[in-house]
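Chains as they are written, first to last, in this note's numbering: chain A, 1 to 98; chain B, 101 to 198.
Protein chains: 2
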Amino acid sequence: MTELLSDTGRKTMLAPLLEAGWTLDADRDAICKTYVFDDFTAAFAFMTRAALWAEKWNHHPEWTNSYRKVHVTLITHDVGGLSALDAKLARKMDQLLT
Amino acid sequence: MTELLSDTGRKTMLAPLLEAGWTLDADRDAICKTYVFDDFTAAFAFMTRAALWAEKWNHHPEWTNSYRKVHVTLITHDVGGLSALDAKLARKMDQLLT
């Protein structure tokens, strides 16, 4: 699972994420999204839920929180770019909002 | 409490923090510190404890987490620089480690 996404993987796994508000990082083979919540408690509650999944899957985000905003960057450091794990965690983060 | 730190305040409140590993931000009147933990669970546990104090005091950090590192920036946006609240939260964060 931890290999760089193939061209096919990018079409099947990445494309739906890019349609859902994720963007490609300008500098690295990574994806980013900024979530905006009602307040800090909502933002940190999201982070806490996502943290449990990240730890469960042993795949952790780089993320920045400033009051009600959470900016997430996903990359698989072991392979130096995007893997299926990033797509999986991105989908999970989006699902946590619904 | 939410006024810019005076010269006296900087000497009494800020100086001890700078000796404890906090640094002045290069671009803003803010203080920063990077905490390094054993792993993600320890890093996120620290963030969770700090988040509760931040919310209790209605004064929130800007912070970035990448696996076992947490980089914190403290500034009081209402006054555009450092206030006693920043010193208070910085001290609390340091205390959480002891």
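Every residue gets a Cβ at the ideal spot worked out from N, C-alpha and C, and that includes glycine. Here the structure is a predicted model, which means the values were calculated and not measured.
(request) Using the DSSP secondary-structure output, state which residues sit across from Tyr35 (chain A) in a beta bridge. (result) Reading the first sequence from its first residue, position 35 is the one you call residue 35 (chain A). Tyr35 (chain A) is bridged by DSSP to A:Val70.
(message) Tell me the DSSP secondary structure of Trp163 (chain B) in three-state form.
(response) Taking the second sequence and counting its residues from 1, one reaches residue 163 (chain B) at position 63. Note: Trp163 (chain B) maps to strand in three-state DSSP.
(message) So Met51 (chain A) contacts chain B; which residues on that side make the cut at Cβ distance below 8 Å?
(response) The count along the first sequence starts at 1 and reaches residue 51 (chain A) at position 51. The sequence given here places Ala at residue 51 (chain A); Met does not occur at that position. Against chain B, a Cβ distance below 8 Å from Ala51 (chain A) picks out Phe140 and Phe144.
(request) Taking the CB atoms as reference points, tell me whether Ala150 (chain B) and Met193 (chain B) lie closer together than 8 Å. (result) Taking the second sequence and counting its residues from 1, the one referred to as residue 150 (chain B) is at position 50. Taking the second sequence and counting its residues from 1, the one referred to as residue 193 (chain B) is at position 93. Taking 8 Å as the Cβ cut-off, Ala150 (chain B) and Met193 (chain B) qualify as a contacting pair.
(message) Using 8 Å for Cβ pairs, my map puts Leu99 (chain A) next to Trp57 (chain A). What's the rounded Cβ distance?
(response) Because chain A in this structure spans residues 1 to 98, residue 99 (chain A) falls outside the shown range and cannot be described.
(request) Provide the residue(s) that pair with Ser6 (chain A) in DSSP beta bridges, ordered along the chain. (result) The residue you call residue 6 (chain A) lines up with position 6 of the first sequence. Answer by DSSP bridge pairing: none, since Ser6 (chain A) is not bridged.
(message) Using only the alpha-carbon positions, how far apart do Thr148 (chain B) and Thr48 (chain A) sit?
(response) Sequence index remark: in the second sequence, residue 148 (chain B) carries index 48 (1-based). Sequence index remark: in the first sequence, residue 48 (chain A) carries index 48 (1-based). Approximately 8 Å, taken between the alpha carbons.
(message) Can you list, in chain order, the residues of its chain with a C-beta nearer than 6 Å to that of Gly121 (chain B)? Leave out the 5 residues immediately preceding and following it.
(response) Translated into positions along the second sequence, residue 121 (chain B) becomes position 21. Apart from the 5 residues on each side of it in sequence, Gly121 (chain B) sits with its Cβ closer than 6 Å to the Cβ of Lys133 in its chain, given in chain order.
(request) List the residues of chain B whose Cβ lies closer than 7 Å to the Cβ of Thr48 (chain A), in chain order. (result) Counting from one through the first sequence, the residue named residue 48 (chain A) turns up at place 48. Chain order gives the chain B residues near Thr48 (chain A) as Thr148, where near means a beta carbon separation below 7 Å.
(request) Verify the CB distance criterion: does Ser66 (chain A) have a CB-CB separation below 8 Å to chain B? (result) If you number the first sequence from 1, residue 66 (chain A) lands on position 66. It does: the Cβ of Ser66 (chain A) has a partner Cβ on chain B nearer than 8 Å.
(request) Can you say whether Ala115 (chain B) is buried or exposed, counting buried as having 16 or more other CB atoms within 10 angstroms of its CB? (result) Counting from 1 along the second sequence, the entry for residue 115 (chain B) is found at position 15. Counting every other CB atom within 10 Å of its CB across the protein chains shown gives Ala115 (chain B) a total below 16, marking it as exposed.
(message) Please identify the residue among A:Ile31, A:Leu52 and A:Thr98 whose C-alpha is closest to the C-alpha of Thr76 (chain A).
(response) What you label residue 76 (chain A) is simply residue 76 of the first sequence in a count that begins at 1. Closest option to Thr76 (chain A), Cα to Cα, is A:Ile31.
(message) Can you check whether the C-beta of Trp157 (chain B) is within less than 8 Å of a C-beta belonging to chain A?
(response) Working through the second sequence from its first residue, we reach residue 157 (chain B) at position 57. Not one beta carbon of chain A lies nearer than 8 Å to the beta carbon of Trp157 (chain B).
(message) Within 10 Å of its beta-carbon, does Val136 (chain B) have 16 or more other beta-carbons around it, so buried, or fewer, so exposed?
(response) Numbered from its first residue, the second sequence carries residue 136 (chain B) at position 36. Burial state of Val136 (chain B) is exposed, judged by a 10 Å Cβ sphere holding fewer than 16 other Cβ atoms.
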